[in-house]
Structures are given as C-alpha cells and as structure tokens.
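*Asks:* 88 is the number that our numbering gives to position 32 of the sequence shown; each next residue is one higher, with no gaps. Idealized CB from N, CA, C, for every residue including glycine. Take a look at the following structure, please.
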Amino acid sequence: SMPFDGKRMIIGGFTPFIDLNTTGKTGYIDGSLVPVLAANKQAYLAVAAKQAAVIKEHGAIRVVEAWGDDVPDGEITDYRGAVKATGDEVVVYAWVEWPSKQVRDDAWKKVIADPRMYADTMPYDNQRRVHGGFAPILDA
C-alpha cells in the first residue's frame, strides 16, 4: 500500500516554455500553478521571461515555466480544480530552484521590492495562483 492517499494524487503533463537553467545543486524549491487563458500564452510568456530574469539575478539557480498539455481531470482533485481554471484556461506549472532556503528567503525580499516585477500587467488572475515553498527530500 502507498504511504499516502493516492486518490488525491494530482498527475499531469506540462511542456516547458521557459527553462533558465544554471548548474548547481537545488536546496529549496518554490512551486506555483496559475490559470492562463489559452489566448494569452504569448503575453504570459513575455511577462514570465522578464520576471524569470529578475528572479535569477537575485540568486535563483533555475526558473521553469511549463504550459499544461496533458492535464487530465481527476476524480477527487486535479490541477484545474486547484486554480479554478475555466474551460478556456490552461494551467501553467512553474518552479524556481534555489541553492538554499536562506538564499531564497533573502532573494524574495529583493524580488518583491524590484519595480521590474510590476512593469507589466499579468495576463492571468493572480488571486487563483497556488504557491508554496518545498524542501527537497529526493533529488535523483
């Protein structure tokens, strides 16, 4: 038997469309899900690319934005339900890898204060963003 409730596991496929990779061991990860209108893919990509550069400048070792292309509906829960995505929205799965939680904590203060993060209107409903920080327990 699984050591968790497998009925609530969320599985999906996402095609990366931003992957600013730098070599380095990941010590902490920020992950988020956002619902984006399919018609706004290029607008989202443009804003996300600018913001990814700012995040990297402040210490991230990797930033990935991935467009949902195999995101099935679940029986109990799913990615679309997590962000209350509508029929014309696609779920974007994004993550930022940091060398440590301390670097991440210090960097986010600078990122949030950086005016470049607010130079563009975000082409999605930020109130439905799901976001969290994660300490790696396996990096194979």
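Please check the pair residue 176 and residue 103, which I expect to be a contact at CB under 8 Å, by giving their CB distance rounded to whole angstroms.
*Replies:* Translated into the one-based positions of the sequence shown, residue 176 becomes position 120. Translated into the one-based positions of the sequence shown, residue 103 becomes position 47. With a Cβ gap of about 5 Å, residue 176 and residue 103 count as contacting.
*Asks:* Is the CB-CB distance between residue 127 and residue 148 below 7 Å?
*Replies:* In the sequence shown, residue 127 corresponds to position 71, counting from 1. In the sequence shown, residue 148 corresponds to position 92, counting from 1. Going by C-beta atoms, residue 127 is not nearer than 7 Å to residue 148.
*Asks:* Where does residue 194 land, buried or exposed, given buried means 16+ other C-beta within 10 angstroms?
*Replies:* What you label residue 194 is simply residue 138 of the sequence shown in a count that begins at 1. By the 10 Å Cβ count, residue 194 comes out exposed.
*Asks:* So what's residue 91 in DSSP terms, helix, strand or just coil?
*Replies:* Looking up residue 91 in the sequence shown gives position 35. Residue 91: strand per DSSP, three-state reduction.
*Asks:* Going by other Cβ atoms of all chains shown within 10 Å of its Cβ, with 16 needed for buried, is residue 124 buried or exposed?
*Replies:* Position 68 of the sequence shown, counted from the first residue, corresponds to residue 124. When all chains shown are included, residue 124 counts as buried.
*Asks:* In whole angstroms, give me the CA-to-CA distance for residue 158 and residue 107.
*Replies:* As a working mapping, residue 158 is identified with position 102 in the sequence shown. As a working mapping, residue 107 is identified with position 51 in the sequence shown. Cα to Cα, residue 158 sits roughly 20 Å from residue 107.
*Asks:* Alpha carbon to alpha carbon, how far is residue 95 from residue 189?
*Replies:* What you label residue 95 is simply residue 39 of the sequence shown in a count that begins at 1. What you label residue 189 is simply residue 133 of the sequence shown in a count that begins at 1. Each residue's alpha carbon lies about 29 Å from the other.
*Asks:* Quick one: what's got a C-beta closer than 8 Å to residue 111's C-beta in the same chain, skipping five residues either side?
*Replies:* Counting from 1 along the sequence shown, the entry for residue 111 is found at position 55. Contacts found: 119, 152, 163 and 167.
*Asks:* My output table needs one value for residue 69: the three-state DSSP class, helix, strand or coil.
*Replies:* Taking the sequence shown and counting its residues from 1, the one referred to as residue 69 is at position 13. Unreliable placement is indicated for residue 69, whose pLDDT of 49 sits below 50; the coordinate value is still reported in the next sentence. Three-state DSSP puts residue 69 in a strand.
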